[in-house]
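Novice: This is the structure I have questions about; it appears just below.
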Amino acid sequence: MRMRDDMTFPPEEYQQRLEDLRTRMQQRLLDAVVITDPENLMYLTDYQTTGYSFFQALVVPLEAEPFMITRQMEESNVIERTWVEVTRPYPDTGDAIQQLVTSLREFGLDTKRVGYERNSYFFPAYQQDRIHTSFQFGTLMDCFGIVEQGRMRKSPAEIEVMRKAAHATEQGMKAGIAAAEVGATENDVAGEIARGMFTAGGEYPAVMPYVTSGPRTMIGHATWEGREIQAGDAVFLEVGGCYRRYHTAMMRTVLMHDMTPAMEQSQQRMRQALRDLKSVMRPGVTVSDVDSIVRTIISDNNVGGQLVTRAGYSIGIAFPPSWDEGYILSLKSGDFTVLEEGMTFHVIPWMWGVEGTRTVGISDTIRVTDTGCESFFDLDEKFTVKASGEAAGEDEGPVGLSAV
Numbered sequence: 010m011r012m013r014d015d016m017t018f019p020p021e022e023y024q025q026r027l028e029d030l031r032t033r034m035q036q037r038l039l040d041a042v043v044i045t046d047p048e049n050l051m052y053l054t055d056y057q058t059t060g061y062s063f064f065q066a067l068v069v070p071l072e073a074e075p076f077m078i079t080r081q082m083e084e085s086n087v088i089e090r091t092w093v094e095v096t097r098p099y100p101d102t103g104d105a106i107q108q109l110v111t112s113l114r115e116f117g118l119d120t121k122r123v124g125y126e127r128n129s130y131f132f133p134a135y136q137q138d139r140i141h142t143s144f145q146f147g148t149l150m151d152c153f154g155i156v157e158q159g160r161m162r163k164s165p166a167e168i169e170v171m172r173k174a175a176h177a178t179e180q181g182m183k184a185g186i187a188a189a190e191v192g193a194t195e196n197d198v199a200g201e202i203a204r205g206m207f208t209a210g211g212e213y214p215a216v217m218p219y220v221t222s223g224p225r226t227m228i229g230h231a232t233w234e235g236r237e238i239q240a241g242d243a244v245f246l247e248v249g250g251c252y253r254r255y256h257t258a259m260m261r262t263v264l265m266h267d268m269t270p271a272m273e274q275s276q277q278r279m280r281q282a283l284r285d286l287k288s289v290m291r292p293g294v295t296v297s298d299v300d301s302i303v304r305t306i307i308s309d310n311n312v313g314g315q316l317v318t319r320a321g322y323s324i325g326i327a328f329p330p331s332w333d334e335g336y337i338l339s340l341k342s343g344d345f346t347v348l349e350e351g352m353t354f355h356v357i358p359w360m361w362g363v364e365g366t367r368t369v370g371i372s373d374t375i376r377v378t379d380t381g382c383e384s385f386f387d388l389d390e391k392f393t394v395k396a397s398g399e400a401a402g403e404d405e406g407p408v409g410l411s412a413v
């Protein structure tokens, strides 16, 4: 391991992650693992590139020095960004899987028990079939999740990086709210969100912001398409800010009309869900408990709003196509995973289909502390009402940064 002081975290952080991974390898009786997931590569080594559609892997033996298989063009990212000393790059005219198999043989791993991430987006079935065919004398085992077990709980150093991502998120959202005006287009709003995030130190996020207005708020995972915002619209904004590939996210809603009873009830339900959740979310509470709190409160409305998704998901390191770690842990019923200190979640008590015509949301990114939980944000958890020039809704006490 090269000791260097220009990575996202100090060398000791990466040493600990590697030691913890090897402990889990021993528990699973693995002599080596082949890690291909971009988020896991980033977590273990600080390696990142936008070229992750090409095969890349970190091979971690139980005792010997780890080595990386990358496209030759990407080897510079290993050298310039990571602690990894040994690389075996392949040219564009070469064969990535053959290079992996040859390297496993070179380092004496071709007869060993080797784990690989069977569920990785970027290790497709046809490549997995080829390694099974070529790796004839050893045993290949699915080790999906072996790195994610370490990612589930964020260290204090990771929390500090996420605070920087939260700053970018919040500045982007503030810029988007300010830009959402009658006559502006969704593109105008999206452009201002991007400017706000990036000038605040944010980097390219795994997903660009969601910006929809009027009837388009009813389209799941839609974003800006040039529609002009009109009087009477609701504008739905969801922003995920990024710093060193770590993300935080939030939803907010802007009304181009005075507060209505339906909107007031929607706002009240979402704020109530966040407030009640923060009062009980702590180590020892289960994922299912948290989902039940949010789902029960959001479902108790007479304006047609529904929580049609999970109540939230783990969030942290991410590359496109998604900013969440929901495949590691999601807030949903029937999951009795116990919350632990250092877990981080984007909690989403949003409401789809209010009065059958619009979707609105207020959300938060929360970390679990030793005694409770804490938001990463200071921004008010209210709708912004542009018709009257002020946010509406009864005062329900502090709703920004809080430890409960």
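Positions in the sequence shown are counted from 1; adding 9 to them yields my numbering. For every residue, glycine included, the Cβ atom is placed at its ideal position computed from N, Cα and C. Just so you know, these numbers come straight off a predicted model, no measurement behind them.
Suppose the cutoff is 7 Å on Cβ atoms and the five residues either side in sequence are ignored; what does the same chain contact list for PHE146 look like?
Specialist: Hits under 7 Å: ASP119 and THR120.
Novice: Answer yes or no: do MET171 and TYR255 have a C-beta to C-beta separation smaller than 8 Å?
Specialist: Yes, these two residues count as a Cβ contact at 8 Å.
Novice: Just tell me which of MET352, LEU67 and VAL110 has its CA closest to the CA of GLN136.
Specialist: The candidate whose alpha carbon is nearest that of GLN136 is VAL110.
Novice: At what residue ranges does the region 133-183 contain a whole run of the beta strand (DSSP E), taking only runs of 3 or more?
Specialist: The qualifying runs are 148-151.
Novice: Please classify LEU38: is it buried, with 16 or more other beta-carbons within 10 angstroms of its beta-carbon, or exposed?
Specialist: So LEU38 counts as exposed.
Novice: I'd like to know whether the C-beta atoms of ASP101 and ARG80 end up nearer to each other than 8 Å.
Specialist: Closer than 8 Å, so yes.
Novice: Which residues does DSSP list as the beta-bridge partners of THR257?
Specialist: Paired residue(s): GLY250.
Novice: Taking the straight line between their C-alpha atoms, what separation do you get for ILE155 and ARG97?
Specialist: Between ILE155 and ARG97, the C-alpha separation is close to 23 Å.
Novice: In whole angstroms, what is the alpha-carbon distance linking GLY313 and VAL95?
Specialist: Roughly 58 Å separates the two Cα atoms.
Novice: In this structure, how does DSSP classify ARG33 when only helix, strand and coil are distinguished?
Specialist: ARG33: helix per DSSP, three-state reduction.
Novice: For ASP300 and ALA320, which I take to be in contact (beta-carbon distance under 8 Å), what is that distance rounded to the nearest angstrom?
Specialist: The Cβ separation is near 4 Å, so the contact holds.
Novice: Give the C-beta separation of ARG278 and MET360 to the nearest angstrom, bearing in mind that I take them to be a contact with Cβ-Cβ under 8 Å.
Specialist: The pair is a contact, with the Cβ atoms about 7 Å apart (cut-off 8 Å).
Novice: Nearest to MET227 by alpha carbon, out of LYS173, GLN315 and PRO20?
Specialist: MET227 has its Cα closest to that of GLN315, out of LYS173, GLN315 and PRO20.
Novice: From the DSSP output, in three-state form, read off PHE439 for me.
Specialist: Summary: the structure shown does not reach residue 439, with the chain confined to residues 10 through 413, and so no result is reported for it.
Novice: Do you know offhand how far ASN196's Cα is from ARG204's?
Specialist: Approximately 12 Å between the Cα atoms of the pair.
Novice: Below 8 Å, can you find three or more Cβ-Cβ pairs linking the region 325-339 to the region 361-369?
Specialist: Output reads no: the region 361-369 does not touch the region 325-339.
Novice: Could you tell me whether the Cβ atoms of ALA41 and LEU67 are closer together than 8 Å?
Specialist: Going by C-beta atoms, ALA41 is not nearer than 8 Å to LEU67.
Novice: At 4 residues or longer, and completely inside the region 40-125: list those alpha helix (DSSP H) runs for me, N to C.
Specialist: Whole alpha helix (DSSP H) segments, 4+ residues: 47-54, 84-90 and 105-115.
Novice: Classify ALA412: buried if its beta carbon has 16 or more other beta carbons within 10 angstroms, exposed otherwise.
Specialist: Summary for ALA412: the model assigns pLDDT 30, below 50, so the residue's position carries little reliability; its value from the coordinates is reported in the next sentence. Flag for ALA412 reads exposed.
Novice: With DSSP as the reference, identify every bridge partner of ASP333, one or two as the case may be.
Specialist: ASP333 is bridged to ILE324.
Novice: Excluding the 5 residues flanking GLY409 on each side, which residues of the same chain have their C-beta closer than 8 Å to its C-beta?
Specialist: Confidence is the limiting factor: at GLY409 the pLDDT is only 34, short of 50, which leaves the residue's position unreliable, though a coordinate-based value still follows. SER384, PHE386, ASP387, LEU388, ASP389 and GLU390, listed in sequence order.
Novice: I'd like to confirm the pairing. Which residues does DSSP put opposite ARG319 in its beta bridges?
Specialist: None, per the DSSP bridge assignment.
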